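Residue numbers (my numbering): 98 to 396. Glycine included, each C-beta is placed from N, C-alpha and C at the ideal position. Treat the numbers as computed from the prediction; the structure is a model and nothing was measured. Right, one structure below, let's go through it.
Structure, rendered in structure tokens:
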């Protein structure tokens, strides 16, 4: 797994990851130090990378039209104390891209396949955007495997849009102009001056996702007939890190705090949807402080 010329890359990591074992490694692991694997989900190959070691395991699930490289800035903060399992969801990154319905349950099934392949018994699950919906569905299926849920700029309950609004958004990604809609989608989240380079990197990665995957996954999140992923009360820590926005109002904060007596809630100012890339130092400091507070990371 490498980072070339400042861009996010999710190339065929097996060669660089295994070769990296033979070379000198820094004291703080990076994504390039990871080992690439494939798990089978039915007939489909699901790509994932493991990096780091420790008594705890983190499972990291990216968002809509992204890939596991979007977690690159969190590796040095976490991999020194834990084993990280970073997943390319089906249709994304180096995972297979079958012609199928990309539902939240389909994604969750792929995560479960990785857990079996990587022999993960219990882990802290972190999901960004759509990845948060995926880890919520995993929690409903195998709650015994999850020791904490970390949500990064994503809703822990299904959004309630105006009638027809969701259908219109999904239709954009089924149109011949879907690439322009995707560019606009990304652009809307980068409003802080100085973030233009990162915006262009994120846009380039998002546009690598096939159209059918974009449209189907968007429908899975917004479609009226799709199952929800709403969390009810849970008995594990729920850690929320969001960029300030219109979705994160007082009602949503109250909902989050009602989920668990060990809920934490943090809003970041002057950051966008990909805050873990845009403000990595501040994000990592807040994340690790939350984890230590709940004895999920050594102090």
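Check for me: the alpha helix (DSSP H) holding residue i runs from which residue to which?
i, result
"residue 172", "172-175"
"residue 365", "Careful: residue 365 lies outside any alpha helix (DSSP H), inside the beta strand (DSSP E) at 360-365."
"residue 294", "293-303"
"residue 272", "No alpha helix (DSSP H) holds residue 272; DSSP gives it neither H nor E."
"residue 214", "201-214"
"residue 310", "308-319"
"residue 374", "372-375"
Does the Cβ-Cβ distance between residue i and residue j come in under 7 angstroms?
i, j, result
"residue 381", "residue 245", "no"
"residue 205", "residue 180", "no"
"residue 286", "residue 370", "yes"
"residue 313", "residue 199", "yes"
"residue 270", "residue 315", "yes"
"residue 263", "residue 319", "yes"
"residue 168", "residue 186", "no"
"residue 350", "residue 387", "no"
"residue 378", "residue 178", "no"
Taking only three categories from DSSP, how would you classify residue i?
i, result
"residue 141", "strand"
"residue 288", "coil"
"residue 120", "Because the pLDDT at residue 120 is just 38, under 50, the model does not fix this residue reliably, and the value given afterwards should be weighed accordingly. Reduced to three states, the DSSP call for residue 120 is coil."
"residue 386", "helix"
"residue 135", "strand"
"residue 232", "helix"
"residue 343", "coil"
Could you please give me the residues that DSSP links to residue i through a beta bridge?
i, result
"residue 155", "181 and 221"
"residue 337", "248 and 362"
"residue 147", "132 and 182"
Under a Cβ-count criterion, where at least 16 other Cβ atoms within 10 Å of its own Cβ denotes burial, should residue i be classed as buried or exposed?
i, result
"residue 154", "buried"
"residue 119", "With a pLDDT of 37 at residue 119, under the threshold of 50, the modelled position of this residue cannot be trusted; read the value that follows with caution. Its Cβ having fewer than 16 others within 10 Å, residue 119 is exposed."
"residue 213", "exposed"
"residue 341", "exposed"
"residue 322", "exposed"
"residue 133", "buried"
"residue 334", "buried"
"residue 376", "buried"
"residue 162", "buried"
"residue 358", "exposed"
"residue 217", "buried"
"residue 389", "exposed"
Taking 6 angstroms as the cut-off, is the C-beta of residue i nearer than that to any heavy atom in the ligand COA?
i, result
"residue 276", "No copy of the ligand COA occurs in the structure displayed, which carries no ligand at all."
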